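Residue numbers (my numbering), protein chains in the order written: chain A, 1 to 318; chain B, 1 to 670.
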């Protein structure tokens with residue numbers, strides 16, 4: 001019975017992240033538009049975009065190799081698997097033990113690896129600039145993320161995300177300096193990894209400042225749809241991660257009643273809405289940074305992560 | 001038959017093949033015969049060593065009446081030696097298979113063929129040796145044969161320079177090892193390892209031994225700052241030898257380090273682990289940063305070897321620190337991580353060097369900035385090279401991720417150590433390791449992207465042809481092993497249990513019996529990882545996406561010229577080059593250091609001269625360490641030169657003075 005219910009939770013979660021991700025993107029866009037006193041597209045516009053992209057023919061450059069055509073699927077698959085392993089509304093995912101937090105980060109690294117290669121496949125200057133800058137940002141954001149993972153793991157004595165959530169929702173953790181530092185660092189990393197303002201502008205086109213959009217410039221049709229969906233899932237993943245670690249109380253325990261699952265589900269959507277709103281407000285308030293100012297911004301996360309880990313090495317109770 | 005005797009017979013056969021190669025190397029067929037023979041011998045030796053490791057019960061020994069008459073030549077296989085012999089011979093077999101095809105392009109086969117089997121014999125002998133005399137003899141034999149292979153293409157002046165630097169550094173390393181064994185054997189001259197293990201020595205001597213071994217084995221392995229020869233010498237050799245030197249010979253150096261420090265040296269001071277951690281962390285980050293800015297694929301790979309050796313030494317340093325603190329389970333985890341990385345790195349580094357060699361054969365180019373688009377011309381090579389790139393960038397589900405994951409898990413167990421200095425340094429090392437892992441990803445996106453993707457940057461790249469079947473099958477073998485070791489790491493971890501049991505008194509709990517073949521290295525933390533399931537999940541999700549798209553969405557596909565924001569430039573020069581790809585990271589991490597220098601000469605307005613951008617790369621260690629030392633040596637040589645032109649009376653008085661002062665020292669000492 002327990003097995004069936006956890007399998008059910010796992011499948012529901014995988015479907016949920018897939019279905020909710022475009023909604024979140026649409027919601028953030030809508031809030032941003034309202035904050036800028038525009039009316040903005042409808043919240044479900046990303047679904048319409050995806051459907052339209054799926055119906056169109058894909059235009060592929062003449063000298064594109066199989067990497068270019070396979071990358072969208074690989075990027076999507078790696079991101080989706082990573083997102084499926086982060087508890088969203090309930091704990092006790094069936095396969096949560098198959099990959100810990102380090103492996104989730106590394107899965108996102110695999111997705112980025114292929115996306116960067118796809119950017120270089122056609123041999124255009126835009127693709128190269130996007131890949132090169134993406135890897136530069138990643139070379140700071142990924143170690144920062146790993147140090148954040150270290151901080152969590154040292155508090156929870158495990159890198160398993162479900163254990164971390166378990167421990168952090170228990171009353172004997174309390175306020176900790178290291179976790180505070182990790183929270184700030186995680187938010188910075190999430191902004192950098194998802195290419196949000198001030199690191200990258202998801203709405204920009206035809207500008208030399210763009211990173212993610214430059215990498216995927218040559219994509220169209222169904223390939224672009226997969227990449228857009230993967231980007232939405234990644235945003236959802238990071239918000240779920242922040243929610244799962246720092247607001248773990250809303251997660252439903254495994255084997256709970258249907259009503260509490262529904263409550264957990266509603267609370268999860270509320271969490272997404274709150275964090276999405278905050279993201280939109282933050283993005284509206286701040287200006288895009290120059291590319292070579294980014295190391296200072298992302299480097300802050302690296303230093304905060306290191307400081308958090310160091311504090312825990314000094315004393316487990318800090 | 002005793003496994004030691006069998007392996008010694010294999011070594012004798014290697015030497016026999018070397019002699020045969022001297023006689024026949026001018027014949028056309030001898031390339032295939034020699035490499036075929038080494039393939040067979042390495043394969044047999046690898047199987048023998050692997051079965052000795054998996055069915056390990058007790059060490060096997062053999063004493064031959066060779067070498068120093070009052071000692072004889074001792075040979076012994078314990079679990080550690082069996083593991084390293086597996087690594088050496090697996091690498092040897094793959095390199096031989098590759099060279100059956102690759103070696104046919106060799107212009108001067110008589111400069112390679114005799115030394116290749118001899119080099120394999122030397123590496124095997126180092127691992128088998130069980131007394132200081134045989135060990136040092138085998139070590140020197142290994143160094144000299146590999147030096148001869150580095151000098152195979154001696155017409156190029158930079159190869160001659162590489163050979164010279166290598167010879168100097170190898171002599172320095174051997175000197176350090178010689179002194180270390182002198183201290184280990186003590187005044188009684190007990191050179192057999194058995195005797196050394198039994199004796200005890202004061203802590204100061206142990207500390208000096210540690211530092212000497214760090215210089216001796218570390219210089220061969222390529223630890224910063226003793227690495228300067230490595231990026232010169234490894235690329236200079238033919239590619240299959242580069243693979244052996246980078247993938248395997250550095251591991252023999254790691255073996256020497258483990259054998260002496262963990263086995264022979266006895267009790268070490270508490271800070272020895274810290275020393276290793278510091279050297280490992282610095283090597284990992286500086287190695288990968290230098291790799292990232294390289295333009296020559298083989299030199300990039302050589303610098304990346306330095307990074308990986310750094311990762312291995314971080315694992316060993318953690319193991320030593322845990323052992324000092326009596327945390328045996330954690331020490332076993334750290335040591336398993338290091339050994340697994342030894343195995344993994346030998347696989348993917350050989351694979352990548354083979355790929356670089358295949359590109360070299362097909363295009364004659366080593367510089368990435370003259371390649372590009374090879375994925376269309378060399379589909380199989382590019383696919384296998386991609387596997388190697390993914391493995392070395394520590395991407396799941398391949399094998400490089402598993403060993404780095406284990407190292408991270410070991411780091412997370414370290415706050416329980418009591419020494420404050422270790423508590424402070426370990427998080428910093430963890431940060432450096434994470435940084436190195438991320439930068440390795442960028443490095444290999446560049447290595448693959450610039451070489452194989454994009455448009456060809458030269459005619460050679462545009463007309464390249466896929467390489468021969470032997471080379472491809474060697475790469476395919478290693479690629480398959482990378483995947484297998486990534487999906488089923490539990491079996492290898494279990495095979496390493498006797499090694500850790502022997503040296504740190506603990507072992508990781510058995511992994512092969514865990515459900516779904518996942519790995520869960522520590523009972524304390526309960527963290528687990530399952531490469532097999534991750535691989536299945538990714539494959540299933542990707543297939544599901546492909547199926548759904550092709551079932552429900554448009555299947556139409558049109559080929560068109562690249563869009564490039566409406567302004568596609570037909571000239572391939574407008575693509576990103578290797579140095580432009582590395583530019584942002586160079587600017588972030590290396591700006592202001594003298595490792596890279598950028599000069600832009602911009603013409604004045606109205607001047608028709610083109611603007612020029614010059615990038616100079618240098619290894620800071622050269623200027624800061626080697627050149628001053630070389631200056632001191634040549635200064636001393638210049639001034640000591642006067643002693644060569646004295647009269648016989650002066651010489652006699654000098655000898656007398658030397659004798660008197662030595663006797664005085666002896667009198668005061670005792």
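By construction, the Cβ of each residue, glycine as well, lies at the ideal position given by its N, Cα and C atoms. Keep in mind it's a predicted model, so treat the numbers as computed, not measured.
Closer than 7 Å to the CB of residue 380/B there is not a single CB belonging to chain A. Residues of the region 36–70 of chain A with a C-beta less than 7 Å from any C-beta of chain B: 54, 55, 56, 57, 58, 59, 60, 61, 62, 63, 65, 67, listed in chain order. When only Cα atoms are considered, residue 583/B and residue 446/B end up about 11 Å apart. Looking at the DSSP output, residue 367/B shares a beta bridge with 296/B. At the C-beta level, residue 117/B and residue 25/B stay beyond 7 Å of one another.
Here residue 648/B is exposed: its Cβ has fewer than 16 other Cβ atoms, across all protein chains shown, within 10 Å.
At least one CB of chain B lies nearer than 7 Å to the CB of residue 121/A. Within the region 438–449 of chain B, 438, 439, 441, 442, 445, 448, 449 place their CB atoms closer than 7 Å to a CB of chain A, listed in sequence order.
Straight through space, the alpha carbons of residue 187/A and residue 306/A are spaced by roughly 15 Å.
In the same chain as residue 75/B, and ignoring 5 residues on each side of it, the C-beta atoms closer than 6 Å to its own belong to 4, 62, 128, 130, in chain order. Those residues of the region 283–305 of chain A placed with their C-beta closer than 9 Å to a C-beta in chain B are 291, 292, 294, 295, 299, 302, 305, ordered along the chain. Annotated as proximal: residue 31/B and residue 104/B, with beta-carbon spacing under 7 Å. Distance check between residue 140/B and each of 230/B, 217/B, 318/B, 529/B places 217/B closest, using alpha-carbon atoms only. Contact annotation for residue 373/B against chain A: 63, 65, 123 [CB-CB distance below 9 Å, chain order].
Annotation note: the region 74–141 of chain B contains the following uninterrupted alpha helix (DSSP H) runs of length 4 or greater, listed N- to C-terminal: 79–102, 115–128. In terms of Cβ geometry, residue 312/A and residue 178/A form a close pair [threshold 7 Å].
With a threshold of 7 Å between beta carbons, residue 31/A makes no contact with chain B. The count of Cβ pairs closer than 8 Å, one atom from the region 142–154 of chain A and one from the region 392–412 of chain B, reaches three, so the stretches are in contact. Residue 17/A does not reach chain B, its nearest Cβ partner there being about 11 Å away, counting only Cβ pairs nearer than 9 Å. Residue 28/A and residue 235/A have their alpha carbons spaced roughly 11 Å apart. Residue ranges of uninterrupted beta strand (DSSP E) with 3 or more members, entirely inside the region 12–91 of chain A and ordered along the chain, are 58–61. A distance of 7 Å or more separates the beta carbons of residue 325/B and residue 403/B. Classified as exposed, residue 270/A has fewer than 16 neighbouring CB atoms from the shown chains inside 10 Å of its CB. Residue environment for residue 30/A: buried (at least 16 other C-beta atoms within 10 angstroms of its C-beta).
When beta bridges are read from the DSSP output, residue 598/B appears opposite 615/B.
Of all residues in the region 211–228 of chain A, only 217, 218, 221, 222, 226 place a beta-carbon less than 7 Å from a beta-carbon of chain B. Look at residue 186/A: its C-beta is not under 7 Å from any C-beta on chain B. Using a CB distance cut-off of 7 Å, residue 322/B does not count as an interface residue toward chain A. The Cβ neighbour count for residue 250/B, taken over all protein chains shown within 10 Å, is at least 16; the residue is labelled buried. Not a single CB atom of chain B sits nearer than 7 Å to the CB of residue 176/A. Taken through DSSP and simplified to helix, strand or coil, residue 398/B comes out as coil. Shown here, residue 53/B sits in a helix according to DSSP, grouped into three states.
Looking at the DSSP output, residue 632/B sits in no beta bridge, so it has no partner there. Residues of chain A with a Cβ closer than 9 Å to the Cβ of residue 376/B are, in chain order, 63, 65. Closest in C-alpha terms to residue 263/B, from the list 213/B, 287/B, 302/B, 233/B, comes 213/B.
When DSSP reads this structure, residue 61/B sits in a beta bridge with 76/B.
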